[in-house]
Amino acid sequence: MKKNGVKFAFLFLLGIHFAFPCFGEFNRELEAIKSALLTNPRDSQAMNAYGILQAKMGDVVGAIKTWRTAIDYDQGNVHLYNNIGSALRRLGYPRESLAWYKATIKIQPTYWTWFNLGLLFEELQQKSEALNAHREALRLLPEFKQAWEHSVRLEREIFVSKDEIQDRKVDYSQKLEGIGDSKPNDTERFASKPLVGEVHPIRESSHEQHAKKPVSLGIEKVKKFDSAEIGIKGDDHVCITFDGGADSDGLPKILSTLSKHNVYCTFFLTGKFVKSYPELTRQIIAQGHEIANHGLGHKNMSAWDKDQISKELRSTEDIFESVTGKKGARFFRFPFGAQNKRVEALVANLGYRPVYWTIDTLDWKEPSEESIVSKVKTKLRRRAVILMHCGSKTGSKALPKVLAEISRCGFKPVPLSSLNEAEMASLP
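In my numbering, the protein residues as written are 667 to 1094.
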């Protein structure tokens, strides 16, 4: 996004909020943010503050968009990552929230992020993981009252002995009033429930009795991201995905075009598609693309139970392996996009990441090439996920123009499996 574009976008948003009297209590803060953005449209702290106000006013999705824009200009800002994780948890996306919290910890571990992670694990009924996270918060800040209270309760629930609990007790009579609520070093906490705002970096505690070994939660080493891990350089990418459910009419031309432009994509294929077109499927793999699960027979799975879904995905993977010699990437796209949180959770428990799209070209309707390109041009943005279809002849003809538009905007198409943890969390 260009400098003037950033300025216009944020001032436009601010102007909307000034127009409503019910937001009068925030006017002073909004004026300060407005002044900061006029001075420097890339001021990530001002963007962060604006996102916090958005969340306080109930626009959590808008807040996430603001923080993600701020990350474009300040990729190492732990507060932005932590806030997105908390917002996603508030919206009911625990898997995505977990990924953003882990990304925060990789950049810099803070006591509030560990505490937030503990709360998330508690909501997921993962008590041991929650206890480890709260202990880590205490390692960074031994006086952290809320983390201690959660730790004691969890220890009792998972039957840790009373003597061991007593050994970890902290005398709060000599501590600062309110620790664990908003201080120290936590000036931007959200007022509502467990959604936490800005977290300032915390130094390691000098209290030897609390210097426990850091827990990993699946992170092999707690360290800062380098540019390759977090995508600081060259992360202006998009993902073009192709669904293959029945027909392959456009696939030969699609593969030819992708090869010509040295572009790699993700193909969501049904088991029946792979059985019907084994040579084309092998060609997809041979050209360096990846295939992912789209179900066995392209049926609406939104009312299915665990056994039905498990059988469907397993049968599809068996066909993938028999035709290509290997299983597909661990992504899943529900046929027709028909899903709900229940079946999403079932798929996730089977080890798949459900993926949808941000741009639907509707190429399966065989519209004009101009219509397809226009849909891409209108909604194209950084990290967009574009949906096209293997069976669309018009889509295959429009693909060179789609690639040209992506290139013109400075983006690069990449397969889904090339995304890092934080980028995975931002997938639709």
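Idealized CB from N, CA, C, for every residue including glycine.
To which residues does DSSP link Val904 through a beta bridge? Position 238 of the sequence shown, counted from the start, is the residue given in the question as residue 904. Val904 pairs with Pro1079.
Which runs of the beta strand (DSSP E) spanning at least 3 residues fall entirely within the segment 955-995, listed in chain order? 956-959
Limits of the unbroken beta strand (DSSP E) element including Leu1053: Within the sequence shown, the letter at position 387 stands for residue 1053. Its beta strand (DSSP E) spans residues 1051-1055.
Quick one, which of Asn714, Ile750, Asn1086, Val1080 has its alpha-carbon nearest Asn928's? What you label residue 928 is simply residue 262 of the sequence shown in a count that begins at 1. Comparing Cα-Cα distances from Asn928 to each of Asn714, Ile750, Asn1086, Val1080, the minimum goes to Val1080.
Alpha-carbon spacing of Cys1056 relative to Arg996, whole angstroms: Here residue 1056 refers to the residue found at position 390 of the sequence shown. Here residue 996 refers to the residue found at position 330 of the sequence shown. Looking at the two C-alpha atoms, the distance is approximately 20 Å.
Exposed or buried, what is Ser1034 when buried is set at 16 or more other beta-carbons lying within 10 Å of its beta-carbon? Counting from 1 along the sequence shown, the entry for residue 1034 is found at position 368. Exposed.
Given that a residue counts as buried once 16 or more other Cβ atoms are within 10 Å of its Cβ, and exposed if not, what is Ser817? If you number the sequence shown from 1, residue 817 lands on position 151. Answer is buried; the Cβ neighbour count reaches 16.
Hey, is the segment 1010-1022 in contact with the segment 1064-1078, meaning 3+ C-beta pairs nearer than 8 Å? no
Would you tell me roughly how many angstroms separate the C-alpha atoms of Tyr759 and Leu946, rounded to the nearest one? Position 93 of the sequence shown holds residue 759. Position 280 of the sequence shown holds residue 946. Distance between the alpha carbons of Tyr759 and Leu946 is about 36 Å.
Around the Cβ of Asn743, are there at least 16 other Cβ atoms within 10 angstroms (buried) or fewer (exposed)? By one-based count along the sequence shown, residue 743 stands at place 77. Classification for Asn743: buried.
Counting pairs of beta carbons, one from the segment 964-974 and one from the segment 983-998, are three or more of them closer than 8 Å? no
Please classify Tyr838 as buried or exposed, where buried requires at least 16 other C-beta atoms within 10 Å of its C-beta. On the sequence shown, residue 838 is found 172 positions in, with the first residue counted as 1. Caution is warranted here: a pLDDT of 34 is assigned to Tyr838, below 50, making its placement in the model unreliable, and the coordinate value is therefore given only provisionally. Tyr838 should be labelled exposed.
Which residue comes first and which comes last in the beta strand (DSSP E) that contains Leu935? Taking the first residue of the sequence shown as 1, we reach residue 935 at position 269. That run of the beta strand (DSSP E) goes 932-935.
Look at the alpha carbon of Ile975 and the alpha carbon of Ile906, and state the distance between them as a whole number of angstroms. The sequence position of residue 975 within the sequence shown is 309, counting from 1. The sequence position of residue 906 within the sequence shown is 240, counting from 1. So the alpha carbons of these two residues sit roughly 26 Å apart.
Below 8 Å, can you find three or more Cβ-Cβ pairs linking the segment 789-796 to the segment 770-780? no
Ends of the alpha helix (DSSP H) at Leu754? The residue given as residue 754 occupies position 88 in the sequence shown. Taken as a continuous stretch (DSSP letters only), the alpha helix (DSSP H) holding Leu754 covers 744-757.
With distances taken from CA atoms, which of Arg801, Val727, Ala698, Glu788 is nearest Thr776? Taking the sequence shown and counting its residues from 1, one reaches residue 776 at position 110. Taking only the C-alpha atoms, the option nearest Thr776 is Arg801.
On the DSSP letters alone, give me the boundaries of the alpha helix (DSSP H) that Gln953 sits inside. As a first step, residue 953 must be located in the sequence shown, where it is residue number 287. Where Gln953 is concerned, there is no enclosing alpha helix (DSSP H), given that its DSSP letter is neither H nor E.
Provide the residue span of the alpha helix (DSSP H) that contains Ile699, from first to last. The residue labelled residue 699 in the question sits at position 33 within the sequence shown. First-last of the alpha helix (DSSP H) with Ile699: 693-705.
State the start and end residues of the unbroken alpha helix (DSSP H) segment that holds Phe781. Taking the first residue of the sequence shown as position 1, residue 781 is located at position 115. 777-789 is the extent of the alpha helix (DSSP H) around Phe781.
Measuring alpha carbon to alpha carbon, tell me which of Lys972, Tyr767, Asp725, Ala698 ends up nearest Leu1016. On the sequence shown, residue 1016 is found 350 positions in, with the first residue counted as 1. Ranking the options by Cα distance to Leu1016, first place goes to Lys972.
Please state whether DSSP places Pro918 in a helix, a strand or coil. Along the sequence shown, read from residue 1 onward, the residue named residue 918 stands at position 252. In this structure, Pro918 counts as helix in the three-state DSSP scheme.
Any idea what DSSP makes of Asp709, helix, strand or coil? Walking along the sequence shown from the start, residue 709 turns up at place 43. Reduced to three states, the DSSP call for Asp709 is coil.
Short of 8 Å in beta carbon distance, which residues of its chain neighbour Trp780, apart from the five on each side in sequence? Order them along the chain. In the sequence shown, residue 780 corresponds to position 114, counting from 1. Ile771, Ala799, His800, Glu802, Ala803, Leu806, Ala813.
Report the three-state DSSP secondary structure of Asp1029 (helix, strand or coil). The residue you call residue 1029 lines up with position 363 of the sequence shown. Asp1029: helix per DSSP, three-state reduction.
Buried or exposed, going by whether 16 or more other CB atoms sit within 10 Å of the CB of Lys835? Your numbering for residue 835 matches position 169 in the sequence shown. Legend: pLDDT at Lys835 = 44, less than 50; position of this residue unreliable, value from coordinates given subsequently. Exposed is the call here.
Can you tell me which residues form a DSSP beta bridge with Phe939? Locating residue 939 in the sequence shown gives position 273, counting from the first residue. Phe939 pairs with nothing; no bridge assigned.
Please name the residue in Asn1006, Ile1052, Gln1005 whose C-alpha comes closest to that of Ile662. Nothing can be reported for residue 662: it is not among the residues displayed for the chain, which extend from 667 to 1094.
Applying the 10 Å Cβ sphere with the 16-neighbour rule, what's the burial state of Ile718? As a first step, residue 718 is located in the sequence shown; it is residue number 52 there, counting from the start. The residue is buried, with at least 16 neighbouring Cβ atoms inside 10 Å.
Below-8 Å beta-carbon distance, Ala715 vs any chain C residue: Absence of chain C from the displayed structure is noted, only one protein chain being present.
Could you give the distance in angstroms between the alpha-carbon of Leu962 and the alpha-carbon of Leu703? Numbered from 1 along the sequence shown, position 296 holds the residue referred to as residue 962. Numbered from 1 along the sequence shown, position 37 holds the residue referred to as residue 703. So the alpha carbons of these two residues sit roughly 51 Å apart.
Same chain, Cβ closer than 6 Å to Arg819, neighbours up to 5 away in sequence not counted: What you label residue 819 is simply residue 153 of the sequence shown in a count that begins at 1. Excluding positions up to five away in sequence, the list is empty.
What is the rounded straight-line gap between the Cα of Cys931 and the Cα of Ala958? The residue given as residue 931 occupies position 265 in the sequence shown. The residue given as residue 958 occupies position 292 in the sequence shown. So the alpha carbons of these two residues sit roughly 11 Å apart.
Going by beta carbon distance, what residues of the same chain come within less than 8 Å of Trp766, once the five residues before and after it are set aside? On the sequence shown, position 100 is the one that residue 766 refers to. Cβ neighbours of Trp766 beyond the five flanking positions: Tyr747, Asn748, Ile750, Gly751, Leu754, Ala1088, Ala1091.
Beta-carbon proximity list for Glu823, same chain, < 8 Å, skipping 5 on both sides: Here residue 823 refers to the residue found at position 157 of the sequence shown. So the qualifying residues of the chain are Lys793.
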